[in-house]
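Heads up, the thing below is written out as structure tokens.
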Amino acid sequence: MDGVPRGPEQRGPGSPTEPVALRFGVLGPVRAWRGGVPVATGSPQQRALLAALLLREGRTATAAELIDALWVGEPPSQALAAVRTYASRLRKVLDPGVLVSESGGYAVRGLGEGALDLAAAQELAAEAEKARNTGDLCRARDLLNQALALWDGESLAGVPGPYADAQRVRLEEWRLQLLETRLDMDLEQGCHAEAVSELTALTAAHPLRERLRELLMLALYRSGRQAEALAVYADTRRLLADELGVDPRPGLSELQQRILEADPALVEPPARLPHPDPAPVRPAQLPATVPDFTGRAAFVRELGEVLASASGDEARVMAVSAVAGIGGVGKTTLAVHVAHAARDAFPDGQLYVDLQGAGARAAEPETVLGSFLRALGTADSAIPDSLEERAALYRSVLDGRRVLVLLDNARDAAQVRPLLPGTAGCAALVTSRVRMVDLAGAHLVDLDVMAPEEALALFTKIVGEERVRSEREAALDVVAACGFLPLAIRIAASRLAARRTWTVSFLAAKLADERRRLDELQAGDLAVAATFELGYGALETAQARAFRLLGLADGPDISLAAAAALLDLPAAETEDLLESLVDTSLLESAAGPGRYRFHDLLRLYARACAERDEQPPAEREAARSRLLDYYLATAVRVYGIERPGDRTVAHLEKGRAAGEEFSGAAKALDWLHSEAGPLLACVQQSLGASMVRRAVDLLVAAIDLAESGADSRQYRKTARAACEAAAALGDARAEVRARVTVAQVFSQAGRFEAADEEARRADALLRDADDPWANGTAPNQLGIIALCTARYAEAEGCFLRAIDAFRADGNRPGEASAVCNLSRTLASMGRTGEAVELAQRGVEIYDELGMSMRLANARYASGIVLSQAGRSSEALAQLDEALCIFAENRQSLWEGTTHYRIAEVHLRAGRPARAARHAEQALATGCIGGDWMRANALTVLGRALDTLGQGDRARACWREALTLYEETGSAEAVQVRHLLARLSAA
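Now the structure itself:
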């Protein structure tokens, strides 16, 4: 806090005739301010007098009452004179009329609204209670947080006297009651994971407060940590018996029994309310229904009845309908139409996703669940990592709601199952090219092509009754040539409607020419290709080229800038072409302006057109090369902004593209993370001999994606593919860089054995590769792995090699990285003096270069080393600065890892409650090092809890840590076994 109580702003110099009001604080040291300027309140006993008057809220205190308030036992003989002196001194520094004499006593009067922090807190608490009673929990929580924020340490701090002592106890009890109320509302809103850390610290500070223990048990249980929840009860029962000789109160015992019985009423509330608007989020994600929807009456009725059965008051199960059929048969159009018709039956919202099941890269269920949870009002920080946890949270959020979920273009039942709601009242509509006979309980619908009359009616609606009426036979020929496929009919009719000089007969004649249709028109997916052939053939030359070349780019979508690079055209001209393709339904506008995507079948068709029509064939390779150059140049620019002075940029391949420019680091990071999917897809498809070096260098430049957490898995998969491709091609330079990158991502995932293998293979390639970048980076990575696996002598040798190589290359950031790593190694070997000096050198290098992100890594290393040297205050300062920088750069895994290191420092310094809180934050955020680092955090949390007397919960943490250590083959398993054995023997 800034030392000034929060309240209404004072008038500025523009109104000199109006005095600046006084404000007072008792929720902390007793202080006074006039505007923002502190007012001297005198000696401790003078402040005690002021506090006694302020806490009487305008009522008069007699001289005798004030004497009793200020002195314990027999007061001094001059007590009355002292009181009068204190009052006189206060009257001189306060405004006239504030401290008044009345009936032989004193009172504080005439204070403005909010002038006393206690009064402001009481008003906020009262408003919070009103908001809670009306169901507005978000506002109630905000108000209580504002009230709690008014405390600035211990109430009446440093004020002597029996009255102050009694009031301190009262105010602290009230503060804890407010905290308990706010935490109770946190759990009502499903914020149990976030509450665990705070409750752990509070129970450590107030071990006999059973309500806090009860809330902690409930939060742990709802976070899936049942064993720890039960351990909290066991610790509490033992503590109460040892300290007070009593049993836990009935409410706590009842909660333990309900946890043992897995009482369904204890599970997470159905939805987490958005902030600050208390109204529940009601997603409305359905695409627009087509205005000319035609036919399908039997299917509309059948599906409508299934949805009605799910939404009725007597619904017993969640309804699933799966619509199957070939591409272009109208599955999506039908499903969207039926969903819109049923919207009123699902008042809590409608979710929609294109699962891209027909493409090479179908949407991952965990990604879709993350999107759905955000749409339902769940904060990003509350969304777990694993598919199973996300699916469970998704079902919990939907429990009690009536929501319709439309899962479009699914690959198979396995992709769909995690996305299905779990309770009655909800329903799912699924479309797919495959018949989902293995989707249990699903109502299956096989959608065939349209009947001739339905097809003709659709064609007529689009083209217009007047043009079709006189050419009915020709119109029937057109829809027959389209195979009665709705998408084919729609494209053909749209072309005709846009060309007023064409007749229906002319279009029919064009379709009759088999050279304009694929021979496989009546077979499977090729029926859709025939329809696309019709639209493609009508494109202008520039449009057709854009259509073909855009199909060469993998990835979920493409930005305007990337498309311009691919087409080798200015952005404005590219935008005109892409928008014209959108108008002809051959391209779609993706989410957000300036982004485009193909329907998956259209992409395949466009690529086939490129292979068939793009001449000379080398133009296809050139287009892919231009796209790769664009991503490489832009990613290198992002890398340079994040790491000024890093020589890595000088060693990366140079393409012909200029790339994008950015106004600052935030914009650069925005680009990198928004382009993660297309960028990694570009690497994946650029692993041939002519492009593999640039593809690998793109991975090097985009290394932040591996460290951010969000894209780590896809980055790791792509890096391994690049490694295999480079090895198969015999390109030593590309291979050594790819293997170093793979070693890095394995190390970040805690898979040190695999990381070590890749790093050693990279190290063996250095002579053949003749690569200054790898000469330093490979031994540096080897050293990191050796450091993490406690092979300190080997790590020292690797880091010394790396330092020499970086210096030879003039790479000061690389040198600083190796120096920081060497400092940690020496500290682990007991050479703390050298270690501290090296760590400081690393910080200074990064500081001189202005490298914000890497400076965070240096301060992180410095914090570890200072902690091992026993300099905990300095260590915490370094780690706190690192934490702030990691947060600014969106490196959530590094944030979690830094919380773990802070927990270690607090534990060494004898502050187990703070250690437990930071360890909990590390577990909630995730860490660099995967399961190995999670086990480390659990071990530290267990040590802290054991020190706090919570042995059963400590045991639960250590058991989980032991499982993770054994799964990863980590040597730390031995240490944890000793901890568990010691606890059992106690």
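Start counting the sequence shown at 0; every next residue gets the next number (numbering that gives the first Met the number 0). All C-beta atoms, glycine included, are put in the ideal place defined by N, C-alpha and C.
So which of the options has the shortest CA-CA distance to residue i?
i, options, result
"A886", "T459, V904 and H898", "H898"
"R736", "D770, D710, A705 and A570", "D770"
"A908", "S891, G929, A338 and A874", "A874"
"G841", "G829, L821 and L825", "L821"
"T235", "L944, V973 and W957", "L944"
"A118", "D94, W150, L214 and S102", "W150"
"A761", "L878, E752, A773 and A200", "A773"
"F597", "D879, A545 and G644", "A545"
"F292", "L486, V429 and R90", "L486"
"V415", "D141, T84 and T430", "T430"
"Q166", "A47, F458, Q225 and V352", "A47"
Can you grab the Cα-Cα spacing for the pair residue i / residue j, in whole Å?
i, j, result
"C883", "G849", "16 Å"
"A218", "T647", "46 Å"
"R514", "G536", "Confidence at R514 is low in this model, with a pLDDT of 45, below 50, so its placement is unreliable and the value that follows should be read with caution. Approximately 11 Å, taken between the alpha carbons."
"E843", "Y964", "36 Å"
"L982", "G950", "7 Å"
"A507", "A473", "6 Å"
"L446", "L375", "31 Å"
"D476", "F298", "26 Å"
"A980", "G832", "35 Å"
"R942", "A923", "18 Å"
"G523", "V448", "Residue placement at G523 is poorly supported in this model, since its pLDDT is 29, which falls under 50; the coordinates still yield a value, given next. Cα to Cα, G523 sits roughly 11 Å from V448."
"R712", "A705", "8 Å"
"A80", "S87", "10 Å"
"G399", "A423", "8 Å"
"L177", "R208", "14 Å"
"A995", "R248", "Residue coverage of the chain in this structure runs from 0 to 985, which leaves residue 995 outside it and unanswerable."
"A571", "R373", "34 Å"
Going by DSSP, what residue range makes up the alpha helix (DSSP H) through residue i?
i, result
"T831", "T831 to L848"
"S370", "P364 to A374"
"V904", "S891 to R907"
"L446", "Here L446 belongs to no alpha helix (DSSP H), and DSSP marks it neither H nor E."
"L254", "P249 to L259"
"R625", "A617 to E641"
"A68", "A62 to L69"
"L98", "From DSSP, L98 is part of no alpha helix (DSSP H) but of the beta strand (DSSP E) over L98 to E101."
"R732", "A731 to Q747"
Between which two residues does the beta strand (DSSP E) harbouring residue i extend?
i, result
"W32", "R30 to R33"
"F23", "L21 to G24"
"T430", "A426 to S431"
"A439", "Run containing A439: none; DSSP gives neither H nor E here."
"D353", "Q349 to D353"
"N408", "L403 to A409"
"G104", "G104 to V107"
"P37", "V36 to V38"
"R692", "Here R692 belongs to no beta strand (DSSP E); instead the alpha helix (DSSP H) covers V691 to A700."
"S320", "A318 to A323"
Just to confirm, is the Cβ distance from residue i to residue j under 8 Å?
i, j, result
"R401", "D347", "yes"
"R55", "T40", "no"
"P420", "A409", "no"
"D628", "A656", "yes"
"S685", "A675", "no"
"E971", "A934", "yes"
"A228", "Y220", "yes"
"A742", "A721", "no"
"L405", "Q349", "yes"
"V92", "V107", "no"
I believe residue i touches residue j by the beta-carbon criterion, under 8 Å. Please report the beta-carbon distance rounded to the nearest angstrom.
i, j, result
"A127", "L143", "5 Å"
"M828", "Y791", "5 Å"
"G654", "A688", "That pair is no contact at about 16 Å."
"G27", "A156", "6 Å"
"L386", "E365", "4 Å"
"D556", "R606", "Going by Cβ atoms, the distance from D556 to R606 rounds to 16 Å, so no, they are not a contact pair."
"A986", "G775", "With the chain running from 0 to 985 in the structure shown, residue 986 is simply not present."
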